[in-house]
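Below is one structure, written out as structure tokens, with a few remarks after it.
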Amino acid sequence: MFISVPATSANLGPGFDTLGLAVDLRNEIIIKPSKFLSLSTHGEGADNPKIKKNSLFLSIFNENYKRLSGRMDNFRFEFTNRIPISRGLGSSSAVIVAALSGAYGMAGVKYNKREILNQALRYEHHPDNITPAVMGGFNVACVEGDRVYSKKRRMPDYLRAVVVVPNRTISTARSRTVLPKMYRKEETVYSLSRAAYMTALFMSESWDLLRIASKDKLHQARRMKMMPELFDVQKTALKHGALMSTLSGSGSTFFNLAYEKDAEKIAQSLRDRFPQFRVFVLALDNNGVTTRN
Ligand SMILES: Nc1ncnc2c1ncn2[C@@H]1O[C@H](COP(=O)(O)OP(=O)(O)O)[C@@H](O)[C@H]1O
Ligand SMILES: N[C@@H](CCOP(=O)(O)O)C(=O)O
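Residue numbers for the sequence shown follow the working numbering, so the first one is 3 and each next one is one higher.
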């Protein structure tokens, strides 16, 4: 079984825990029956013993494979990781979605993407990464009980994501602990209104007002203070024509949306100013997780 799952950029500024989109940077997993458990890992994290153990993937795969098949069998897992880890590109969501897709596939149980998404919610309680990782495209999502309610919009091929990946990680869990427990009404309305406006802009493909819609007062600035050079990344991207420039998820990556015609120029300006960071120009993904036997 072959599984491919995209990276995702969540929040998109004010859409904390609700807005997110998928980009064409994918982890791939091959699963084959085997006499004994064997793992191989290439790419991101391949030199990290904790990542190589793949405990997050294996624990979710084994739990759900047993739930679905009633058996515990051995497999060979071959991981090709292209999604930087703990950088705000939804690497944990990609693992969760891939493990669930693999468990259903290897157990021979028919499933749809909505089932995978609702199962993924058990492992990651904010839906803004898992939803685009499953569905692809731009998604607005909310949670009611144990279900995700979401709406997808396919992204046009004339847009690109210019992502700046710093050389330092930010754990999502730790990054959430620095956020306040309470917010002033003004801050909440500031972000709430822009998240709603951004959704309307994405759904109507109105790209030229995203700079207004993508401002936030709930989480972004507080997180960027953990890596102050990110303020300069944002300033540089906007100066060179980015449609919007936001912290990707909990960071450290910065997500810059651009027209394809401007993307390379923006990327080069960022590479020149931040040679210590990786800069990728990526197409937007509309497929989400895909599998084939
Ligand atoms: N390719 C991978 N293989 C194994 N574990 C992974 C992989 N990607 C992510 N993880 C797990 O997810 C954790 C990162 O999750 P998180 O801090 O939410 O980062 P991100 O912002 O990328 O989602 C890692 O510490 C690891 O436990
Ligand atoms: N809404 C979450 C998104 C986390 O995204 P990730 O890619 O950093 O895991 C948050 O802001 O904590």
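Yeah, the Cβ is synthetic: ideal placement off N, Cα and C, and Gly gets one too.
Beta-carbon proximity of residue i to residue j, cut-off 8 Å
{"i": "L232", "j": "M226", "result": "yes"}
{"i": "D218", "j": "R196", "result": "yes"}
{"i": "M200", "j": "G22", "result": "no"}
{"i": "G290", "j": "A12", "result": "no"}
{"i": "L286", "j": "L161", "result": "yes"}
{"i": "V164", "j": "F279", "result": "no"}
{"i": "R294", "j": "F4", "result": "yes"}
{"i": "V97", "j": "L39", "result": "no"}
{"i": "S103", "j": "F77", "result": "no"}
{"i": "S247", "j": "R170", "result": "no"}
{"i": "Y106", "j": "L60", "result": "no"}
{"i": "I87", "j": "E117", "result": "no"}
Residue i, DSSP secondary structure in three states
{"i": "L21", "result": "strand"}
{"i": "D210", "result": "helix"}
{"i": "I33", "result": "strand"}
{"i": "G45", "result": "strand"}
{"i": "S40", "result": "strand"}
{"i": "M108", "result": "helix"}
{"i": "I172", "result": "coil"}
{"i": "E126", "result": "coil"}
{"i": "M3", "result": "coil"}
{"i": "Y199", "result": "helix"}
{"i": "P16", "result": "coil"}
{"i": "D264", "result": "helix"}
{"i": "L245", "result": "coil"}
{"i": "R225", "result": "helix"}
{"i": "P182", "result": "coil"}
Inter-residue Cα distance where the pair is residue i and residue j
{"i": "H242", "j": "A269", "result": "9 Å"}
{"i": "R275", "j": "A239", "result": "10 Å"}
{"i": "R124", "j": "V99", "result": "11 Å"}
{"i": "V25", "j": "L284", "result": "6 Å"}
{"i": "K68", "j": "L245", "result": "46 Å"}
{"i": "G147", "j": "H127", "result": "11 Å"}
{"i": "P158", "j": "L181", "result": "34 Å"}
{"i": "R2", "j": "M205", "result": "Because the chain here runs from 3 to 295, residue 2 falls outside it and cannot be looked at."}
{"i": "S94", "j": "L211", "result": "31 Å"}
{"i": "E262", "j": "A9", "result": "19 Å"}
{"i": "L91", "j": "F63", "result": "21 Å"}
{"i": "I132", "j": "K267", "result": "31 Å"}
{"i": "S190", "j": "S216", "result": "Checking the sequence, you will find Thr at residue 190 rather than Ser. Each residue's Cα considered, the two are about 14 Å apart."}
{"i": "G138", "j": "N120", "result": "15 Å"}
{"i": "R28", "j": "K112", "result": "24 Å"}
{"i": "A48", "j": "K54", "result": "6 Å"}
{"i": "F257", "j": "G110", "result": "37 Å"}
{"i": "C144", "j": "A265", "result": "31 Å"}
{"i": "T43", "j": "S173", "result": "21 Å"}
{"i": "L203", "j": "N56", "result": "39 Å"}
Local Cβ density within 10 Å of residue i, reported as buried at 16 or more and exposed below that
{"i": "D75", "result": "exposed"}
{"i": "N114", "result": "exposed"}
{"i": "R73", "result": "exposed"}
{"i": "R178", "result": "exposed"}
{"i": "S152", "result": "buried"}
{"i": "P168", "result": "buried"}
{"i": "S208", "result": "exposed"}
CB contact below 8 Å: residue i versus chain D
{"i": "L58", "result": "In the structure shown, chain D does not exist; there is a single protein chain."}
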